[in-house]
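S.K.: My structure is below; once you've seen it, I'll send some questions.
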Amino acid sequence: MMSKSREVILFGLVLFSLAAVTAHAWHPYFDCPDPVLPAATRTVNVSNDTELDAAIADMQAGDHIVLADGTYDGINIENKNAGTEESPVVFVAENDRQAVVSGSHAGRNMRISNSSYLHVYGVRFTGADVWGVTVGPSYAGDDATLGNHHIRIQNCEIDNAHQELLTTSGNSHHIEFLCNELHHSGRNLNGGAFAEGIYVGCGGTGDDRSHDVLIRGNHIHHIGRADNPGYGEAIDVKVQTYNITIADNLIEHVTVHSQAAITVHVNDVDYPAGQENPNVLVMRNIVHDVRKCDDGWDGCGIWASANGVTISNNIVWDTYRSSITGIQDASNTVDSLRIYNNTCFDVVDGNRDCIALNTGDIYGDANPVRAVLLNNITDDGSGGNDFTATAADFVGPITGDADAGEGAGSGFMLDSGSDAVDGGVAIATVSADITGTDRPQGEAHDMGAFEYAPPVLNSPARNPRAHSVIVRATSGTSVYALNGRLAGTTRGTFNSRMPSSSGMYVIVPGKPEKVLVK
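For reference, each letter of the sequence shown is one residue, going 2 to 519 in the numbering used here.
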């Protein structure tokens with residue numbers, strides 16, 4: 002029987018739930034939890050800028066500052082350290098995304114400087130003059146804004162900033178960006194150098210040591226513009242940062258100037274002695290539809306320029322250039338660039354491999370990444386000993402959103418007849434697939450991001466022959482046949498090979514090859 006090891010996020014003291022703010026599910030295999038807040042020591046209701054400013058000035062540990070529906074000017078939180086681990090200060094919308102911050106303070110919808118133990122839930126930030134929400138400095142010369150620690154931004158919407166949407170820097174640490182929707186960056190019609198979705202660290206100096214940053218469960222889309230030469234990475238993690246996790250994000254419709262939708266540690270800057278392993282995890286992300294702007298180059302899915310980075314269980318397709326790139330700018334980083342169990346497909350530029358490693362460098366020092374590749378699937382033979390797939394290896398579809406009924410990317414589930422099934426090797430650090438299904442399900446680990454779960458037969462199969470089967474689907478669900486699909490409130494037939502013995506045959510939703518015989 003298939004087993005699961007699905008991860009959930011636990012949020013400290015589970016004492017108070019604000020039902021009005023609910024989680025939004027974008028990634029088909031990661032369930033963002035509804036925000037569960039620590040108990041309030043005091044609830045402060047605000048409905049305008051004057052009341053909000055007063056609540057910020059009078060912050061106390063455990064405050065829940067509840068923003069009523071309406072619009073607010075830019076929010077400035079500076080030198081606020083009243084919160085504690087047990088009793089953080091919470092800003093929460095009374096109703097999900099109905100508290101809208103549309104004004105700007107120092108170019109930002111929300112500026113957080115030299116503060117700690119703050120949580121923000123369910124607020125929409127839109128139309129910032131420059132940056133959406135900044136947790137620390139916004140640029141190399143921003144000496145007026147300092148770093149922070151223990152900050153959480155969850156279930157918010159950040160959109161239509163003229164440059165970046167969400168940033169953290171200034172040696173900030175223990176930062177969580179969870180289950181947010183970020184979209185439409187780089188809106189400055191007069192041009193602008195930057196248009197990232199999430200930006201960690203500082204590329205201008207290369208000495209920002211921000212660390213312990215979790216970027217998980219976000220939907221990042223429509224980043225950058227084709228007519229704007231800005232740097233439109235969906236997630237850009239700069240060199241010198243460390244202990245960064247990028248997991249379970251859905252990233253789509255991204256236009257970059259250079260590099261990739263997820264870009265890690267571009268800049269050849271040495272790490273401090275004894276701290277040369279950046280420990281960056283890029284896992285279980287779904288990335289598709291990545292292009293370069295009119296005057297740009299690259300347009301990759303995931304890009305790493307350092308050792309000490311692990312890229313695993315990602316699905317990447319429909320990128321202008323390589324799905325995964327490792328470039329020779331690894332500075333003095335140690336360990337390896339580990340690329341495990343990714344599914345990479347459909348590179349638009351036919352001159353580029355799905356997985357491209359050490360093909361060049363940007364800064365001229367040519368320090369190669371030490372790549373270790375195992376269990377990846379590509380469609381062009383790149384990636385060394387990994388598996389070369391065709392459309393027949395997947396349940397399909399594998400174009401557009403590649404949605405087989407479970408969400409974007411689900412069309413890349415392995416077909417039962419694929420040689421990628423049981424074709425991989427055991428990797429201790431990849432004990433489950435992108436869905437949370439334990440590996441292995443068969444005789445050996447599968448290749449790619451999905452682990453194939455074989456049919457479960459509860460009675461012996463004798464003399465298989467074709468049957469005509471009628472399948473009914475209830476409203477809002479989908480069922481699949483071996484040779485067709487029925488969805489919604491439909492009724493139809495399909496051909497399948499089942500045991501000839503009598504019994505009830507159950508088609509398992511979402512797994513077209515799974516038939517339970519009872």
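Heads up, the beta-carbon is just placed ideally off N, CA and C, and yes, glycines get one too. Model, not experiment: these values are computed from the prediction.
According to DSSP, simplified to helix, strand and coil, what is residue 105?
M.R.: On the sequence shown, position 104 is the one that residue 105 refers to. Correct three-state label for residue 105: coil.
S.K.: For the alpha helix (DSSP H) that residue 444 lies in, which residues bound it at each end?
M.R.: Working through the sequence shown from its first residue, we reach residue 444 at position 443. First-last for residue 444: undefined, no H or E at that position.
S.K.: Check the DSSP bridge columns for residue 293 and list the partner residues they point to.
M.R.: The residue you call residue 293 lines up with position 292 of the sequence shown. Partner(s): 257.
S.K.: Quick check on this structure: which residue in 244, 195, 74, 253 has the alpha carbon closest to the alpha carbon of residue 266?
M.R.: Within the sequence shown, numbered from 1, the residue matching residue 266 stands at position 265. The option with the nearest alpha carbon to residue 266 is 244.
S.K.: Looking at residue 153: is its Cβ nearer than 7 Å to the Cβ of residue 187?
M.R.: Sequence index remark: in the sequence shown, residue 153 carries index 152 (1-based). Sequence index remark: in the sequence shown, residue 187 carries index 186 (1-based). Cβ atoms of residue 153 and residue 187: not closer than 7 Å.
S.K.: For the segment 434-451 against the segment 336-343, are there 3 or more C-beta pairs whose distance is under 8 Å?
M.R.: Yes, the segment 434-451 touches the segment 336-343.
S.K.: Can you say whether residue 279 is buried or exposed, counting buried as having 16 or more other CB atoms within 10 angstroms of its CB?
M.R.: Start at 1 with the first residue of the sequence shown, and residue 279 comes out as number 278. Classification of residue 279: buried, given that the 10 Å Cβ count is 16 or more.
S.K.: Distance, Cα to Cα, residue 228 vs residue 182?
M.R.: Start at 1 with the first residue of the sequence shown, and residue 228 comes out as number 227. Start at 1 with the first residue of the sequence shown, and residue 182 comes out as number 181. Using only the alpha carbons, I get a separation of about 23 Å.
S.K.: Applying the 10 Å Cβ sphere with the 16-neighbour rule, what's the burial state of residue 124?
M.R.: As a working note, residue 124 is residue 123 in the sequence shown. Burial call: buried.
S.K.: Say whether the segment 324-333 touches the segment 352-372, bearing in mind that this needs 3 or more beta-carbon pairs closer than 8 Å, one atom from each stretch.
M.R.: Cβ pair count under 8 Å is three or more, so yes.
S.K.: How would you call residue 61, buried or exposed, if buried means at least 16 neighbouring beta carbons within 10 angstroms?
M.R.: By 1-based counting over the sequence shown, the position of residue 61 is 60. Exposed, since its Cβ has fewer than 16 Cβ neighbours within 10 Å.
S.K.: Please determine, among 79, 59, 86, 49, the residue with the shortest C-alpha to C-alpha distance to residue 69.
M.R.: Here the question's residue 69 lines up with position 68 in the sequence shown. Checked all of 79, 59, 86, 49; the closest Cα to residue 69 is 49.
S.K.: If residue 209 sits next to residue 170, beta carbons under 8 Å apart, how far is it from one beta carbon to the other, in whole angstroms?
M.R.: Residue numbering aside, residue 209 sits at position 208 when the sequence shown is read from its first letter. Residue numbering aside, residue 170 sits at position 169 when the sequence shown is read from its first letter. Indeed, because the Cβ distance is near 5 Å, the residues count as touching under 8 Å.
S.K.: Do residue 111 and residue 76 have their C-beta atoms within less than 7 Å of each other?
M.R.: Counted from its first residue, the sequence shown places residue 111 at position 110. Counted from its first residue, the sequence shown places residue 76 at position 75. It is a contact, given that the beta carbons lie within the stated cut-off.
S.K.: Determine the direct distance from the alpha carbon of residue 201 to that of residue 207, and round the result to whole angstroms.
M.R.: Taking the sequence shown and counting its residues from 1, one reaches residue 207 at position 206. Taking the sequence shown and counting its residues from 1, one reaches residue 201 at position 200. Near 11 Å, if we compare the C-alpha coordinates of residue 201 and residue 207.
S.K.: Which of the three DSSP states, helix, strand or coil, is assigned to residue 54?
M.R.: In the sequence shown, the residue the question calls residue 54 occupies position 53. Three-state DSSP puts residue 54 in a helix.
S.K.: Can you tell me whether residue 275 is buried or exposed? The criterion is at least 16 other CB atoms within 10 Å of its CB, across all chains shown.
M.R.: In the sequence shown, residue 275 corresponds to position 274, counting from 1. Classification for residue 275: exposed.
S.K.: Can you tell me whether residue 313 is helix, strand or coil according to DSSP?
M.R.: Position 312 of the sequence shown, counted from the first residue, corresponds to residue 313. Strand at residue 313.
S.K.: Curious, which full-length beta strand (DSSP E) runs of at least 3 residues does the segment 76-161 contain?
M.R.: DSSP runs (the beta strand (DSSP E)) wholly in the segment 76-161: 76-79, 90-94, 100-102, 109-114, 117-122, 125-127, 132-136, 150-155, 158-160.
S.K.: Does the beta carbon of residue 380 fall short of 6 Å from some heavy atom of the ligand ADP?
M.R.: As presented, the structure is devoid of all ligands, the ligand ADP included, so that no description of it is given.
S.K.: Please state whether the Cβ-Cβ distance between residue 415 and residue 451 is less than 7 Å.
M.R.: Within the sequence shown, the letter at position 414 stands for residue 415. Within the sequence shown, the letter at position 450 stands for residue 451. Yes, these two residues count as a Cβ contact at 7 Å.
S.K.: Is the Cβ of residue 80 closer than 7 Å to any Cβ of chain B?
M.R.: You won't find chain B in this structure, because it holds only one protein chain.
S.K.: To the nearest angstrom, how far is the alpha carbon of residue 133 from that of residue 418?
M.R.: For the purposes of this step, residue 133 is identified with residue 132 of the sequence shown, where counting begins at 1. For the purposes of this step, residue 418 is identified with residue 417 of the sequence shown, where counting begins at 1. Their backbone Cα atoms lie some 48 Å apart in a straight line.
S.K.: Here's the rule: buried if 16 or more other CB atoms are within 10 angstroms of the residue's CB, otherwise exposed. What is residue 382?
M.R.: Taking the first residue of the sequence shown as 1, we reach residue 382 at position 381. Flag for residue 382 reads exposed.
S.K.: What residues are listed by DSSP as bridge partners for residue 181?
M.R.: Reading the sequence shown from its first residue, position 180 is the one you call residue 181. The partner list for residue 181 (beta bridge, DSSP) is empty, contrary to what the question assumes.
S.K.: With a threshold of 6 Å on Cβ separation, who are the neighbours of residue 427 within its own chain once the five nearest residues in sequence on each side are excluded?
M.R.: For the purposes of this step, residue 427 is taken as the residue at position 426 of the sequence shown. Cβ within range, chain order: 446.
S.K.: From residue 293 to residue 283, what does the alpha carbon distance come to, in whole angstroms?
M.R.: Taking the first residue of the sequence shown as 1, we reach residue 293 at position 292. Taking the first residue of the sequence shown as 1, we reach residue 283 at position 282. Roughly 22 Å separates the two Cα atoms.
S.K.: Kindly list the residues whose CB is nearer than 6 Å to the CB of residue 358, restricted to its own chain and excluding five residues on each side of it in sequence; keep chain order.
M.R.: For the purposes of this step, residue 358 is identified with residue 357 of the sequence shown, where counting begins at 1. Closer than 6 Å at the Cβ level, and outside the excluded window around residue 358, lie 327, 372.
S.K.: Are the beta-carbon atoms belonging to residue 138 and residue 118 less than 7 Å from one another?
M.R.: What you label residue 138 is simply residue 137 of the sequence shown in a count that begins at 1. What you label residue 118 is simply residue 117 of the sequence shown in a count that begins at 1. Against a cut-off of 7 Å, the Cβ pair of residue 118 and residue 138 comes out as no contact.
S.K.: Could you tell me the distance, in whole angstroms, from the CA atom of residue 320 to the CA atom of residue 300?
M.R.: In the sequence shown, residue 320 corresponds to position 319, counting from 1. In the sequence shown, residue 300 corresponds to position 299, counting from 1. Those two C-alpha atoms are separated by around 6 Å.
S.K.: Would you call the CB atoms of residue 45 and residue 74 closer than 7 Å?
M.R.: Working through the sequence shown from its first residue, we reach residue 45 at position 44. Working through the sequence shown from its first residue, we reach residue 74 at position 73. Contact flag unset, no.
S.K.: Can you tell me where the beta strand (DSSP E) holding residue 213 begins and where it ends?
M.R.: Translated into positions along the sequence shown, residue 213 becomes position 212. Run containing residue 213: 212-217, per the beta strand (DSSP E) assignment.
S.K.: For a test of the three-state rule: what should DSSP assign to residue 413, helix, strand or coil?
M.R.: One-based indexing of the sequence shown puts residue 413 at position 412. DSSP places residue 413 in helix when its eight states are reduced to three.
S.K.: Which residue's Cα is closest to the Cα of residue 290: 399, 395, 158?
M.R.: Here residue 290 is taken as the residue at index 289 of the sequence shown, counted from 1. With distances taken between Cα atoms, residue 290 lies closest to 399.
S.K.: To which residues does DSSP link residue 251 through a beta bridge?
M.R.: In the sequence shown, the residue the question calls residue 251 occupies position 250. Answer is 220, 287, bridged to residue 251.
S.K.: With DSSP as the reference, identify every bridge partner of residue 368, one or two as the case may be.
M.R.: One-based indexing of the sequence shown puts residue 368 at position 367. Bridge partners of residue 368: 330.
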